[in-house]
Structure formats: C-alpha cells, structure tokens
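Per UniProt numbering, the very first residue in the sequence shown carries number 1; after that it's consecutive. Accompanying notes for the structure given below.
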Amino acid sequence: MTDGLVRPDDAAARAKYWEDVHHGKNVDGVSWWQSVPGLSLGLVDETGLGPDEPIIDVGAGWSTLVDHLLERGYRDLSAVDLSVTALQTVRDRLGPAGAEVVLTVADVLDLRMGRTYALWHDRAVYHFLTEEDERADYLASLRRSLRPGGWLVVATFGPDGPTHCSGLPIVRYTHTELADQFPGFQLVDTAGEDHLTPWGTSQQFTAVLMRRTTDTTTPPG
C-alpha cells in the first residue's frame, strides 16, 4: 500500500487506476505534463526516421508528442494508454489534422497491435514497473511491436528524481541501469532533463536512445 492506495496489480485494476488519475482533471493537473516534449523530440530527431515510418507512443496519456510529430510531417502515428479519458482529450485536441492518428486503449504489458513499428517511445511508463514479471511482460510487448533495427526511446525518473508518482512507487534509473534493462538493444545515446512540473517542482528524468540489434521475436499479434 502506498499513500493509502492499493497498488494495481492486474490489467483491470491498472485501467481503473489510470482512468481515475485522468478523470476530472485539467491536462496541467498531472505532474508529467509538458506542452513541448523537448527531450523526446530531440531523441526522435536523432534517429533520422522518415515521415512514413511508423511510430508508437506507449503510456501516452495527454502527451503532445503526436501533435508535434504531426507538425513535423510524420504520418503513421499511434498512441496507447489505459485511460479512455486521456485519449479522448488527445483526439479532441488533434481535431481533423489528427484524423489518421491511431489512438488505442490498451495495456502496454500485453500489447498486441497486429503490426510492428520503427520507433517505440515511452516517457514515464517503465519506471512504474517495480516487479520483475511486469518488466518481463513489457519487454515481450516491446519485442512483438518493434521491428528488427527499430529504435527505442525510454525515459524514467533519474537517480535524484522522485521515489513516487501519482501515489505509486517507482524505480529510478541511471543511464547505464536503464540501458541494461533492454537486452538485444544497443545504446546509441543518452539524455536527461530536469522537468518542471505545472506547480513548479523539479523532477530529474533519465532517457536512453537504443536500437534493436536482434531479430528474435514472436510474430506481431
């Protein structure tokens, strides 16, 4: 138990938890909100991916990443989250310009999109996975979803970041520790930022850019 809350430990509980987090709040009512995801955009830029390459943002919430990628000319974009409310907010915000963006309510620990992607982006999902079996399920979803040679961008709280977020415990990582979580991937670059929350506190983020070097995977499902 954390801050009086029971940690969700199955798909239904996780969906309810994150729906409750988003429901009835403004977008700037959550600590991770940022109008311009500069850290993520910088790492996406490093990949040199063309505008037709498929990109997926997992645990997207209210993130504006897909908005900015659309503005940069990317045309094959998907965003996944457990919260219906969060994704509906994104749909309303994108309007007609984002009609082709795929928004999917799904659990990243059992993600089966039926296709593969050139880039998997995750800002602040992985650090919520405090159990080994959760991290194994995440890695299985990643391997199903990312094509050989594909790019991985993951950001978590850094070693000096918070120990909890949204009432839940998290795992903090150094760049090396985070990169070591992904066997079969080569570290290409690291980055970080001190994210300023909407209410003025600072959160240290660690991020890695990696590339898949193995093709051992199950077919997308």
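For each residue, glycine too, the CB sits at the ideal point set by N, CA and C.
Could you compute how far the alpha carbon of residue i sits from the alpha carbon of residue j?
i: V102; j: T156; result: 24 Å
i: H164; j: G59; result: 17 Å
i: P8; j: A191; result: 30 Å
i: A106; j: T201; result: 30 Å
i: E131; j: A99; result: 37 Å
i: W62; j: L82; result: 11 Å
i: L77; j: D160; result: 32 Å
i: P148; j: Q34; result: 31 Å
i: A12; j: L109; result: 12 Å
i: M113; j: L196; result: 33 Å
i: Q186; j: H121; result: 16 Å
i: R135; j: T174; result: 17 Å
i: L87; j: T214; result: 32 Å
For the beta strand (DSSP E) that contains residue i, what are its first and last residues?
i: H121; result: 117–123
i: T47; result: Premise fails: T47 lies in the alpha helix (DSSP H), 38–47, not in any beta strand (DSSP E).
i: V171; result: Looking at the DSSP string, V171 is not in any beta strand (DSSP E), and its letter there is neither H nor E.
i: L70; result: It is not in any beta strand (DSSP E) - L70 instead sits in the alpha helix (DSSP H) that spans 65–71.
i: L77; result: 77–81
Quick one: give me the first and last residue of the alpha helix (DSSP H) that residue i is part of.
i: V90; result: 84–94
i: S141; result: 132–145
i: A207; result: Unbroken run through A207 is the beta strand (DSSP E), 202–212; no alpha helix (DSSP H).
i: T104; result: It is not in any alpha helix (DSSP H) - T104 instead sits in the beta strand (DSSP E) that spans 102–105.
With a CB to CB cut of under 7 Å and the five nearest residues on each side skipped, what residues in its chain are close to residue i?
i: L178; result: V154, T156, T206, V208
Leaving out five residues on either side along the sequence, give the residues of the same chain with a beta carbon under 6 Å from the beta carbon of residue i.
i: M1; result: The predicted position of M1 is uncertain, since its pLDDT is 33 and thus under 50; no value can be drawn from it.
i: Y126; result: V154, T156
i: Q204; result: G158, D160, G161, D194
State yes or no: is the C-beta of residue i within less than 7 Å of the C-beta of residue j?
i: Y117; j: I56; result: yes
i: G150; j: R212; result: yes
i: R75; j: D45; result: no
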